[in-house]
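Working notes, structure below.
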Amino acid sequence: MSRFTIPRDVYFGEGAIQELKNLKGKRAIIVIGGGSIKRSGALDKIEANLKQAGMETKVIEGVESDPSVDTVMNGVKVMQEFQPDWIIGVGGGSPIDAAKAMWIFYEYPEFTFEEAAKPFSLPQLRTKAKFAAISTTSGTGTEVTSFSVITDNKTGIKYPIADYNITPDIAIVDTDLAQTMSPKLVAHTGMDALTHAFEAYVSTVRTVFTDALAMKSIEMMKHNLVKSFNGDKEARSEMHLAQCLAGMSFSNAILGIVHSMAHKTGKIFNIPHGCANAIYLPYVIEFNKKTAGKAYADIARRLGLAGNSEDELVNSLVEMVRDFNKNMNIPSTLKEFGISEQDFKDKLEDIALNAVTDPCTGTNPRQISVEEMKKLFECTYYGEKVGF
Numbered sequence: 000m001s002r003f004t005i006p007r008d009v010y011f012g013e014g015a016i017q018e019l020k021n022l023k024g025k026r027a028i029i030v031i032g033g034g035s036i037k038r039s040g041a042l043d044k045i046e047a048n049l050k051q052a053g054m055e056t057k058v059i060e061g062v063e064s065d066p067s068v069d070t071v072m073n074g075v076k077v078m079q080e081f082q083p084d085w086i087i088g089v090g091g092g093s094p095i096d097a098a099k100a101m102w103i104f105y106e107y108p109e110f111t112f113e114e115a116a117k118p119f120s121l122p123q124l125r126t127k128a129k130f131a132a133i134s135t136t137s138g139t140g141t142e143v144t145s146f147s148v149i150t151d152n153k154t155g156i157k158y159p160i161a162d163y164n165i166t167p168d169i170a171i172v173d174t175d176l177a178q179t180m181s182p183k184l185v186a187h188t189g190m191d192a193l194t195h196a197f198e199a200y201v202s203t204v205r206t207v208f209t210d211a212l213a214m215k216s217i218e219m220m221k222h223n224l225v226k227s228f229n230g231d232k233e234a235r236s237e238m239h240l241a242q243c244l245a246g247m248s249f250s251n252a253i254l255g256i257v258h259s260m261a262h263k264t265g266k267i268f269n270i271p272h273g274c275a276n277a278i279y280l281p282y283v284i285e286f287n288k289k290t291a292g293k294a295y296a297d298i299a300r301r302l303g304l305a306g307n308s309e310d311e312l313v314n315s316l317v318e319m320v321r322d323f324n325k326n327m328n329i330p331s332t333l334k335e336f337g338i339s340e341q342d343f344k345d346k347l348e349d350i351a352l353n354a355v356t357d358p359c360t361g362t363n364p365r366q367i368s369v370e371e372m373k374k375l376f377e378c379t380y381y382g383e384k385v386g387f
C-alpha cells in the first residue's frame, strides 16, 4: 500500500492571499525571513486580510537561511505567550521550514529535536493550531511538503524532519508574489524545482500520482524557466505553479543523490542550494542512467527531445539541463563556481561519506558507494563525463 498526502486546500493564481480573510480563528502568528516581504508590501496585505477575518496578528521575523534551533525555540516562546490558533509561514523554504518546526514545539514543549528527526514519528499536531504556508519563491515547494530542515549551529548537526503531520493545512501559491524575485534567485529556485521533479520521477518509491505531477511540472518548466529568468511575467506565474506541482510530487516520492550532494556541500563550500542542485543534476543523470535510463528517456520523449534510442534520449535530457544552466549563468562545475582544488581535495572524503549517508540517498534509483560518490564529485569538479 502507498500513501499520497498534500494540503487539504491549495489556493493559487493572482491575488490568492485574499483567501486569508476567510480563515476562522482568533490569533495568527506570521513567520517571515528578511525585509523583502515588507518592502514588497506583501506582509501588509497578509495582515490586512487576516484582520478582515477578525484575527489578531503577531509577526516573528528574521528567520535566516538554514534556520537554526535557536531561531525555532525563540519563536516557540513567542507562540507560547501569544497562543495562536493559526501559524502562517511566509517566504521561501527557510521561514516556512522554521514555522513548521515552531509548530511542533509549540504543541509539544517537552519534545526534542532528536525525537522530531525520527522519520514519520511525530505526535498528532493541530491540538492548538493549524498551519498555512505562503510561498514567495518558485523552487522549494515547502508550502505543500511534509519536510523541514533545522540546523543546530552549536554542533553543526542538521535535523531533517519528515512527517505527514507537518504538511500544511492550507497552501497559498499567489503568482503575484513571484514577480519581485531577482534573476539569480529565479535561476537557483527554478533549478531546485526542476531537480525536485526529476528526482521524484526516478525515485524508488514513485507512484502514478507522483509521476503525473512531476511530469506536468517538468513540461511547464521546460517552456517557462529561461523566459522567467529573462523577466517574462506570465512565465514567472507558470513557474510558481510548476514548482508547487513538483513539491507535491517529491513530498510523496522523496528525492535522490542530487539533493544528498547539495545538502552536504552547500554550507561547507557556500553554494546556494538551488545552484548546487543545478551543477550536480546533469552528472547524476549520467550516473543514474544505468538503472533509470528508461524513466529519463521517457521524460525526454515526452518533452520532444531528439533521440531514437534510450541513450540518445538521455543524452538530450542532459544537454537540456546544461543549456538551462548556461542560459541562466549557472556554473557547470564546482571548479567554475570558484572552489579551490586544494579545498575540494581536502574535503572530498568527508563530503562523499556524508552524502552517501544522507536520507535522500535511500530513494535514489541507483545505489552508490562512498568510492563511487567520490568519483562522482570529482566529475562535477572537473567537468568530466560520468562513465562508471
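Note that numbering that gives the first Met the number 0 has the sequence shown beginning at 0, numbered continuously upward. Even for Gly, the Cβ is constructed at its ideal location relative to N, Cα and C.
Beyond the five residues adjoining it in sequence on each side, residue 278 comes within less than 8 Å, by CB distance, of 270, 324, 329, 330, 331, 332, 333, 336, 379 in the same chain, given in chain order. Boundaries of the alpha helix (DSSP H) around residue 351: 340-355. Burial state of residue 303 is exposed, judged by a 10 Å Cβ sphere holding fewer than 16 other Cβ atoms.
Taking 7 Å as the cut-off, the beta carbon of residue 132 is found closer than this to the beta carbon of residue 95. Scanning the stretch 144-217 from its first residue to its last, the whole beta strand (DSSP E) runs of 3-plus residues come out as 146-150, 157-161, 169-173. In this structure, the straight-line span from the alpha carbon of residue 193 to that of residue 28 is close to 31 Å.
Rounded to the nearest angstrom, the Cβ distance from residue 177 to residue 235 is 5 Å, consistent with a contact under 8 Å. For residue 26, the beta-bridge partners assigned by DSSP are 55. The beta carbon of residue 204 sits closer than 7 Å to those of 252, 253, 362, all from its chain and outside the five residues before and after it, given in chain order. With a beta-carbon spacing of about 7 Å, residue 69 and residue 152 fall inside the 8 Å limit used to define contacts. Inter-segment contact for the stretch 43-51 and the stretch 93-111 is absent: fewer than three beta-carbon pairs are separated by less than 8 Å. For residue 373, the secondary structure class from DSSP, reduced to helix, strand or coil, is helix. By the Cβ neighbour-count rule, residue 79 is exposed, with fewer than 16 other Cβ atoms within 10 Å of its own.
In this chain, residue 385 is not harboured by any beta strand (DSSP E), its DSSP state being neither H nor E.
For residue 8, the enclosing beta strand (DSSP E) covers residues 8-12. The criterion of a C-beta distance shorter than 7 Å is satisfied by residue 276 and residue 190. Taking 7 Å as the cut-off, the beta carbon of residue 129 is found no closer than this to the beta carbon of residue 175. Closest option to residue 147, judged by alpha-carbon separation, among 155, 137, 164: 164. Annotation for residue 121: 162, 164 place their beta carbon closer than 6 Å to its own, counting only its chain and skipping 5 residues before and after.
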